[in-house]
Every structure is written in C-alpha cells, then in structure tokens.
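K.L.:
The sequence shown maps to residues 390 to 723 in my numbering. Where a beta carbon is used, it is the ideal one built from N, C-alpha and C, also for glycine. This one's a predicted model, so the numbers in the text were calculated from it and none came from an experiment.
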Amino acid sequence: MSPKAEAPSADPFIGKTIAGRFHLVSVLGEGGMGKVYTANDKETGQLAAVKLVHGKLSGNEEYVARLKQEARTAGRLRHEAAVRILAHGETEGGEPYLAMEYCPGRSLKEIIAKEKHLDFPRACNIIAQVLGAVGAAHRQGIIHRDLKPENIKTAPDPLRGEGVKVLDFGVAKFIGGDGVPEMENAVKTKTGIILGTPKYMAPEQIRGEQVDGRSDIYSCGAILYELLSGSPPFQADDVFGYVSKHLKEPVMPLVDRCPEYQIPKELDDLVLWMLEKNPVQRPKDTAQVSEVLDKFARGSSTARFKFLGKVAACWFLPAAAGAFAAAVLVPGTV
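#1: For Ile-516 and Ser-633, I'd like the C-alpha separation in whole angstroms.
#2: List the residues that DSSP assigns as beta-bridge partners of Tyr-589.
#3: If you follow the alpha helix (DSSP H) that Pro-545 is part of, which residue opens it and which one closes it?
#4: Below 8 angstroms on the Cβ atoms is my contact criterion, and I expect Lys-554 with Ala-460 to pass it. Report the Cβ-Cβ distance as a whole number of Å.
#5: In terms of residues, what are the limits of the beta strand (DSSP E) holding Pro-485?
#6: Please state if the CB of Cys-609 and the CB of Val-519 are separated by a distance shorter than 8 angstroms.
#7: Compare the C-alpha of Val-669 against each of Arg-646, Gln-599, Asp-627 and Phe-685 and name the closest.
#8: Would you call the CB atoms of Ser-425 and Ala-437 closer than 8 angstroms?
#9: For Leu-487 versus His-477, is the C-beta distance shorter than 8 angstroms?
#10: To which residues does DSSP link Ile-532 through a beta bridge?
#11: Does the separation of the CB atoms of Pro-545 and Lys-498 fall below 8 angstroms?
#12: With a threshold of 6 angstroms on Cβ separation, who are the neighbours of Arg-603 within its own chain once the five nearest residues in sequence on each side are excluded?
#13: Hey, could you find the ends of the alpha helix (DSSP H) Asp-683 is sitting in?
#14: Please state the DSSP three-state secondary structure of Asp-645.
#15: Three-state secondary structure (DSSP) at Leu-616?
#16: State the DSSP-derived secondary structure class of Glu-504, mapped to helix, strand or coil.
#17: Could you give the first and the last residue of the continuous alpha helix (DSSP H) run that contains Thr-427?
#18: For Pro-547, count neighbouring Cβ atoms within 10 angstroms of its own Cβ and tell me buried if that reaches 16, exposed if not.
#19: Starting from His-635, trace the alpha helix (DSSP H) both ways and give me its first and last residue.
#20: Roughly how many whole angstroms lie between the Cα atoms of Gly-530 and Ile-407?
#21: Output the boundary residues of the alpha helix (DSSP H) element that contains Leu-441.
#22: Just the C-alpha distance for Gly-482 and Gly-423, rounded to the nearest angstrom, thanks.
#23: Under 8 angstroms by Cβ, that's how I've got Ile-501 and Glu-649 pegged, so tell me the actual separation to the nearest angstrom.
#24: Return helix, strand or coil for Pro-622, following the three-state DSSP convention.
#25: So what does DSSP say about Val-700, is it helix, strand or coil?
#26: Can you say whether Gly-698 is buried or exposed, counting buried as having 16 or more other CB atoms within 10 angstroms of its CB?
#27: Just to confirm, are His-443 and Phe-402 a CB contact at a threshold of 8 angstroms?
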C-alpha cells in the first residue's frame, strides 16, 4: 500500500519521479549527506527508499563519493539481513541518488529508547542476524566500519520472530584486493577525517590503523552490550572521552553493570571477548560468534565456546592520541 502523500511541502522533490522510476512521496529521514525519501517504485509496484544528495551538497566530492561507495558495496551483497540496492545514478537535474528496498520497522536506536534493554534471547537473535549480514560482506572483502543502532532495523519475521536489516554501507572499506578504488583513502588524505561512530568504534579504527572483520565484530559487541544493559560499554561527554575509553579503559562485565537482568555469565564472557582491545584477541570471524549467539537466542542459559581469554586492556599509544586530536570523526555523533 502506498504511503499517504504529505501536504504541500517546501521540499521541491516531493511529487517528483527520479530516473523515470521512483516517485517520491514523503521524507523518510534526513542526515548530513542529504535526505531519504519514501518512494513508489513504478517498475515493481513496491515501496522503495531513495537517498538523495541535493542542494549544495550535490557538489561535495566527499558526499558523492560516499554515496557511490555505498551503491558499490551494498550492491554486491546478497543476504536476507542486508539492505538490497535497486538502482543508483543521477537525477535529471544532476543530483546523485541511491534507491534501495524499503525496510519497515524500527531501528535499534528507537527500540532502545523505548524499551531500555532487551532480554538476552531477543538481543542475541538480533545480533546473530547482523553478524550474518556482516559476515557475508566480509566474504566479499567489505568491512562495514559504521555499525550502530541507527543502522540496524528490525521488523516481524515469520521464521525468526524478528527480522533484521543492516543499512548504510556509505563508509564501508574494500579489503579484497580486487582493484576497486577506495574512497576513504582519498578523503582521509585531503581532510584528515577518520570514519565511524565513536560510541561503537574499534580501537584500531580510532588509531587509523588497518581494519578487518574483527573491527566490525567489536562494533557488534558494543551494540550487543547496549541491547543487554541499556547503555553502551562506555559513557562520555564528548568524542574524545569515548576515544580515550575505547583505547584504554577496561569494559565493565555485564554481570556487574546490570546484575538485575540476570545475563548468563557465558554470554557476558562472549561479549567481553568481542570487545577485546587487541583485535588479535577477538573472535577471528563472525561465524564463531553467531553460532554461539544462536544458542542463546533459543533461550539457552549456557553455551560452550573457546576463546583466548582477557588480555591487558591498556594499550593506548600517546602518539596515536596526538594524531587523533587533529582528526574529525564522521558521519556518526557521540
């Protein structure tokens, strides 16, 4: 069913048809790079979501490059928990656009704001599916690098009870060595930008070091920690506070942070493993984690798994901190 059209709007794109296919009906969301519109897809008769970079931003090389990066990365994925790309290009007026499947439901950010925390089977079911999509991306040589509650939506699903969609591959990185240019390198050289969201960012990503699939596992661990406890692993007043804590402050075990929620000790150990400061000490791949989470999702209070154990959490490099102080973290906020 088509969404109800908005009342006459100052937005000049409402009511327009993009690329002869996507009829824009209403504004779905707005961010630093532009707007996302709900649209009717004339080709399929289904709803679509259209991300549009317009106005002065359409001439911003960085934003345009990120939109193309998202089209290229997400367009490679074929996984039920990853958003599907329908088309991309430029409007008749030259504005870059990206059309993707419309994902109903709520973001994890909305769910956390309303429900405060989730019981452990539900939280594990959600993150197991996220890891499924992220693992599929890793097998394609793609690292997401900006996993956070805003980028994950859930909706009722007949098979899993609650289905998941992972969104926004705009700052993803290719590591597959397939010759595809990496937008991030050019942007970082010109502007000193470090891409990601501080609340959920892995230490090696903060320092501007090489990232791999274990960096996404860290972010998933931070999200899972928040789903289970109601707050992210660290609290801070600003970006630099989060950065400092991710780099050198140990994570408080969930059984100490929120004992009233009766989180199984084995699940707590798994989350702490995902949140190891040193990527070498984290799970080696997403399958290693999702297999265990699936057991907890089915209501088990115990699950056997092997891990390397805790290592010293403090490995902060002063030189790296100085370099970071001159950088700006985007596109996320604290």
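P.N.:
Reading it off the structure:
#1: 26 angstroms
#2: According to DSSP, which records beta bridges pairwise, Tyr-589 is partnered with nothing at all.
#3: Per DSSP, Pro-545 belongs to no alpha helix (DSSP H); it is in the beta strand (DSSP E), 541-546.
#4: About 17 angstroms separates the two Cβ atoms, so there is no contact after all.
#5: 485-490
#6: yes
#7: Gln-599
#8: In the sequence under discussion, the amino acid at residue 425 is Val, which differs from the Ser named in the question. No, Cβ-Cβ distance for Val-425 and Ala-437 is not below 8 angstroms.
#9: yes
#10: Lys-562
#11: no
#12: Pro-668 and Arg-671
#13: 675-686
#14: helix
#15: helix
#16: helix
#17: Per DSSP, Thr-427 belongs to no alpha helix (DSSP H); it is in the beta strand (DSSP E), 423-430.
#18: exposed
#19: 628-637
#20: 31 angstroms
#21: No alpha helix (DSSP H) contains Leu-441, which is instead part of the beta strand (DSSP E) from 436-441.
#22: 15 angstroms
#23: Not quite, the Cβ-Cβ distance comes to about 17 angstroms (not below 8 angstroms), so this is no contact.
#24: coil
#25: Note that Val-700 has pLDDT 37, beneath the 50 cutoff, so the model's placement of it is unreliable and the number below is only indicative. Coil, per DSSP.
#26: Note on Gly-698: pLDDT 47, under 50, position unreliable in the model; the coordinate value appears next. Its Cβ having fewer than 16 others within 10 Å, Gly-698 is exposed.
#27: yes
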